[in-house]
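Taken in sequence, the protein lines are chains A, B and C. Convert by adding 6 to the 1-based position in the first sequence; the result is the number in the numbering used here. Convert by adding 85 to the 1-based position in the second sequence; the result is the number in the numbering used here. Convert by adding 685 to the 1-based position in the third sequence; the result is the number in the numbering used here. All C-beta atoms, glycine included, are put in the ideal place defined by N, C-alpha and C. Encoded as structure tokens, the structure appears first; notes follow it.
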Amino acid sequence: MAAEMPVEAVHGHKAPEGFISKYIFSYDHKVIGKQYFLLALFSVFVGMVLSWLIRFHLVWPAAHIPGLEKISPTGAAGGVMTPEYYLSLLTLHGTLMIFFVLTTAPQGGFGNYFLPIQIGAEDMAFPLLNMLSFWTAFLALAVLMASFFVTDGPPTSGWTAYPPLSAVGPVAGPGQGMGQTLWVISIAIFCVSSLLGALNFIVTMLDLRTRGMSLMRLPLTCWAWFVTAVLSLLSFSVLFAAGALLLLDRVAGTSFFIPAGLVFNDRVLPHSGGSPLLWQHLFWFFGHPEVYIAIVPGMGIISHVLSCFCRKPILGYRAMTYCLIAIAILSFTVWGHHMFVSGMSPYSAFLFSTATLAITVPAAIKTLNWLGTLWGGKLRLTTAMLFAIGFVSLFVTGGLSGVFLAQPSLDVYLHATYFVVGHFHMVMGVAAIFAIFAGAYFWFPKMFGRMMNESLGKTHFLLTFLGVNCVFMPMHFIGLAGNPRRYSTFVANFLQPLLSVHKFMTIAAFVTGAAQLIFLYNFFRSMRKGPKAPMNPWEATSLEWSIPSPPPFDNFGGRHPVVYRGPYEYGVPGAEKDFLMQDSPEGVTAR
Amino acid sequence: MASDEAMGATGVGHPHASPHAAERSGSRMEASLYAISSRKLGMWLFLVSDAITFAALLVAYSYLRVASENWPRPFRFSPSIVNATIMTFVLVTSSVTMVLAVRAAKEGRRRGAAGWLLATMLGGVVFAALHLREWLTLIHEGVRLFQNPWGTPLFGAAFFSLTGLHIAHVCAGVIYLGAVAIGAGRGRVSADAVEISGLYWCFVDLVWMFIFPLVYLMSARMG
Amino acid sequence: MNQPGERMDLGPSTGVVLLVWGGLLGIAVLEVFLSFRQLAIKLMLILLMGLAMVQATLIISYFMHLRYERRSLILTLMPALIFVLVMMVVFFPDSFRLYHMKAR
Numbered sequence: 007m008a009a010e011m012p013v014e015a016v017h018g019h020k021a022p023e024g025f026i027s028k029y030i031f032s033y034d035h036k037v038i039g040k041q042y043f044l045l046a047l048f049s050v051f052v053g054m055v056l057s058w059l060i061r062f063h064l065v066w067p068a069a070h071i072p073g074l075e076k077i078s079p080t081g082a083a084g085g086v087m088t089p090e091y092y093l094s095l096l097t098l099h100g101t102l103m104i105f106f107v108l109t110t111a112p113q114g115g116f117g118n119y120f121l122p123i124q125i126g127a128e129d130m131a132f133p134l135l136n137m138l139s140f141w142t143a144f145l146a147l148a149v150l151m152a153s154f155f156v157t158d159g160p161p162t163s164g165w166t167a168y169p170p171l172s173a174v175g176p177v178a179g180p181g182q183g184m185g186q187t188l189w190v191i192s193i194a195i196f197c198v199s200s201l202l203g204a205l206n207f208i209v210t211m212l213d214l215r216t217r218g219m220s221l222m223r224l225p226l227t228c229w230a231w232f233v234t235a236v237l238s239l240l241s242f243s244v245l246f247a248a249g250a251l252l253l254l255d256r257v258a259g260t261s262f263f264i265p266a267g268l269v270f271n272d273r274v275l276p277h278s279g280g281s282p283l284l285w286q287h288l289f290w291f292f293g294h295p296e297v298y299i300a301i302v303p304g305m306g307i308i309s310h311v312l313s314c315f316c317r318k319p320i321l322g323y324r325a326m327t328y329c330l331i332a333i334a335i336l337s338f339t340v341w342g343h344h345m346f347v348s349g350m351s352p353y354s355a356f357l358f359s360t361a362t363l364a365i366t367v368p369a370a371i372k373t374l375n376w377l378g379t380l381w382g383g384k385l386r387l388t389t390a391m392l393f394a395i396g397f398v399s400l401f402v403t404g405g406l407s408g409v410f411l412a413q414p415s416l417d418v419y420l421h422a423t424y425f426v427v428g429h430f431h432m433v434m435g436v437a438a439i440f441a442i443f444a445g446a447y448f449w450f451p452k453m454f455g456r457m458m459n460e461s462l463g464k465t466h467f468l469l470t471f472l473g474v475n476c477v478f479m480p481m482h483f484i485g486l487a488g489n490p491r492r493y494s495t496f497v498a499n500f501l502q503p504l505l506s507v508h509k510f511m512t513i514a515a516f517v518t519g520a521a522q523l524i525f526l527y528n529f530f531r532s533m534r535k536g537p538k539a540p541m542n543p544w545e546a547t548s549l550e551w552s553i554p555s556p557p558p559f560d561n562f563g564g565r566h567p568v569v570y571r572g573p574y575e576y577g578v579p580g581a582e583k584d585f586l587m588q589d590s591p592e593g594v595t596a597r
Numbered sequence: 086m087a088s089d090e091a092m093g094a095t096g097v098g099h100p101h102a103s104p105h106a107a108e109r110s111g112s113r114m115e116a117s118l119y120a121i122s123s124r125k126l127g128m129w130l131f132l133v134s135d136a137i138t139f140a141a142l143l144v145a146y147s148y149l150r151v152a153s154e155n156w157p158r159p160f161r162f163s164p165s166i167v168n169a170t171i172m173t174f175v176l177v178t179s180s181v182t183m184v185l186a187v188r189a190a191k192e193g194r195r196r197g198a199a200g201w202l203l204a205t206m207l208g209g210v211v212f213a214a215l216h217l218r219e220w221l222t223l224i225h226e227g228v229r230l231f232q233n234p235w236g237t238p239l240f241g242a243a244f245f246s247l248t249g250l251h252i253a254h255v256c257a258g259v260i261y262l263g264a265v266a267i268g269a270g271r272g273r274v275s276a277d278a279v280e281i282s283g284l285y286w287c288f289v290d291l292v293w294m295f296i297f298p299l300v301y302l303m304s305a306r307m308g
Numbered sequence: 686m687n688q689p690g691e692r693m694d695l696g697p698s699t700g701v702v703l704l705v706w707g708g709l710l711g712i713a714v715l716e717v718f719l720s721f722r723q724l725a726i727k728l729m730l731i732l733l734m735g736l737a738m739v740q741a742t743l744i745i746s747y748f749m750h751l752r753y754e755r756r757s758l759i760l761t762l763m764p765a766l767i768f769v770l771v772m773m774v775v776f777f778p779d780s781f782r783l784y785h786m787k788a789r
């Protein structure tokens, strides 16, 4: 046919040599996955320290925090945090946690590492793009961290960066000069990283499945990563556009988001014609799918872990898949629930509210299926399992408060109170993190070839589970009492009785944060000194457990696995052990 | 189809083989859902996301325009709308030359493919030149990102940002096509790669089909 | 999957390409013609956007070859894109509200 056009050469899959190509600019999805983890680990550490500073300041606003004046001479002169610097810290806390922890670790970390293996492939579809997507994320983080060290510090506008504050430039006060500009640039770079990653995930899952791995035999983790990638592909594009317009407002004098007649420091700004509401629409159009990007991979991990440690197939595999897809589609219809108090028509509010309530249905189906999987299972309460069960509990807690917020009539009161802070921390800051922990404990043996210490793990779980409930449950109550969010101090009379609750939450936050040291110690010590892990320590069924721990550079050592059955064949009657691996050709089928 | 995939499927020049190798038909991997190469699917997905970015910008522009008073309508039929129409003709024709380049590549005609690719690039360059000339004229008349002599300052902001992003895509496309043309002429890139570049170029044309009416025609000066 | 007007795998035939080319240019001329008529803004917008969508469909189907691809590809790409674009239209009620709120 096309005789003169050449067949592109097929290169053999050679192992990389040299430190740089093995560990720095690696094309190996496993190395890139670990790099994402390191990035997320750094970000969560900084984010947690910021949360400690926030909680400390709320209780002891006049306290002198040693060292803070070195980081920001203007924001914390004498070590005492100014109100603006408080806002800067919470802006970076939110930005780091949402973008650089929850959007990286579950997808870029676990997904990158395990998607190719679970589908039986050697690597992702586009290894070069994979490497670029990590280093772009790294660049985005570097730009964001740079905002700490510019003269006026990081921006004060929250992770939501609402204009006009975020758009008018340094006239709006500390942090709104270079700090905000760096923030916008960082997020724009991050959009590129996410888009490249999303492309890779989608094509990999569609094109690189090994023989026998039909779509309905994929582990639910793969479905979750796929759905998340689709969400990323469609939503980050809008954030990129919004960020471009915001950047133009800041540096080029445009007025996309700045209305006429704004007065700052007795000066009327020369801008006119823009609409701050437009930013809210664009941002939340991205922002709502973003929070599902944060939780959906976790849901996949939980389904995967629960099934293994209940020794039962996940209840309703097909329903779980369809619910993931339903959640993804619906997530594009609900963004207005972040804008109920923006002055929208009550009819719009009604529509957004209905859609938001509708999204609880597939989420509830998934929760019931998790509970149904647990019911009657032969539970193996490993640490990963404890975190998985903890996820289900916390997802219910966090999800329920969302049902309250979905009603416009209630939200008019609850908007911008601690009720909202409690809600999103429960679902994102706790449930999603529990899913990351569950995945970490579950997959550590495979990634590092050693076992983590179970006693330390269970202690970590118990302290964390109790701790997060102590930190975030009270927020719902003080929010109902009217405690506003993003305030650096509470001077109003009606808030004084709540200060003791704040003190309790702050202490709980420090204790819970300290408990994470147990995890870190366990993690890094086991990496070197833990007992060697067998190929399949959990007796799990998916393909990652059919290769050595840790895997060779091309995952399957040159062979191409063939898949004969679905991913959750546990408790199989007549099987030699109580499970059948996906690539096991035994004639026994579970039905 | 299979040989197309064979040609388009694997990458050149990086240490790991692209895993989507030639034997896709059932022996090693599950059959492809779409019967296109992974790279082509990747390009389609990228174009979907880029389409959404442009759409978000167009929606933002429309939103602000609806909410604005005194949006200027400065584009007279001659020279502005005539110029924009000629630009449209040039871009559409360059899409045609692109389609012909893809066909030449699929038929194995190396020089034909390179030639048609060069014609497409030429179309892109002419488009960009006409566009830049128009920009300079507007700038000379006093239009900036933050002001213009006729009406709301948002006009310049919207105009330059929308057409600016588009022309950046055109320029990137010309460079991309240049690389593909060199490769095609030397017989080093596959027909699939040419087709993938064609997808990008036609997408750039497609976006212009929306910018032309929304930005130019809706600001045409009557009478 | 061969469509009429397509030879095996080579995309649309020359005739079809020229027809689409003519169609695209013709629609562009029609758009210019319409824009200089004294039409109500809403009608003008609907007509222009409708014509632009016809142009987009022609380009995607023929020049970008989507018409000749498997239906699964069309169903994967187009509904998602159209869904997201339609959802963005929900921004506009706020834009109209701003318009009506302006002091006159």
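Measure from the alpha carbon of residue i to the alpha carbon of each residue in the options, then state which is nearest.
i, options, result
"B/E115", "A/T210, A/L102, A/E460", "A/T210"
"C/T699", "B/S153, B/A145, B/M183", "B/M183"
"A/F478", "A/R386, A/E575, A/A437", "A/A437"
"B/M307", "B/I166, B/L142, B/L149", "B/I166"
"A/A422", "A/V347, A/A167, A/M222", "A/V347"
"A/V174", "A/K36, A/D129, A/G267, A/K509", "A/G267"
"A/M391", "A/K452, A/S548, A/S407, A/S313", "A/S313"
"B/W220", "B/P164, B/S282, B/M128", "B/P164"
"A/A334", "A/F410, A/S309, A/G293", "A/G293"
"B/P159", "B/I224, B/D277, B/L143", "B/I224"
Let me know the secondary structure DSSP gives residue i once reduced to three states.
i, result
"C/G696", "strand"
"A/K452", "helix"
"A/M219", "coil"
"A/Y576", "strand"
"A/R273", "strand"
"A/F585", "strand"
"A/A498", "coil"
"B/G307", "Going by the sequence as given, residue 307 of chain B is Met instead of Gly. Looking at B/M307 - three-state DSSP - the assignment turns out to be coil, as it is neither helix nor strand."
Using a C-beta cutoff of 8 Å, does residue i count as contacting chain A?
i, result
"C/L770", "no"
"B/H105", "With a pLDDT of 42 at B/H105, under the threshold of 50, the modelled position of this residue cannot be trusted; read the value that follows with caution. Yes, its Cβ sits closer than 8 Å to a Cβ of chain A."
"C/L783", "yes"
Hey, is residue i's beta-carbon within less than 8 Å of any beta-carbon in chain B?
i, result
"C/L715", "no"
Can you confirm whether residue i, when its beta carbon is compared against all beta carbons of chain C, has any partner nearer than 8 Å?
i, result
"B/M128", "no"
"B/P234", "no"
"B/S122", "no"
What is the rounded straight-line gap between the Cα of residue i and the Cα of residue j?
i, j, result
"A/G115", "A/I38", "8 Å"
"A/I371", "B/L202", "53 Å"
"A/A258", "C/L724", "35 Å"
"A/D584", "A/A546", "10 Å"
"A/S200", "A/L150", "16 Å"
"B/M172", "B/S304", "17 Å"
"A/V569", "A/Q522", "39 Å"
"B/G227", "A/L275", "21 Å"
"A/F315", "C/R755", "41 Å"
"B/A152", "A/L96", "33 Å"
"C/L770", "B/A141", "8 Å"
Q | Every unbroken alpha helix (DSSP H) within the segment 75-161 of chain A, with a cutoff of 4 residues, ordered by chain | A | 89-101, 118-124, 133-152
(Q) Give the list of continuous alpha helix (DSSP H) stretches no shorter than 4 residues that lie fully inside the segment 248-293 of chain B. (A) none
Q: Would you list, in sequence order, the uninterrupted alpha helix (DSSP H) runs of no fewer than 4 residues that lie entirely inside the segment 157-197 of chain A?
A: none
**Q.** alpha helix (DSSP H) segments (min. 4 residues) lying fully within the segment 43-75 of chain A
**A.** none
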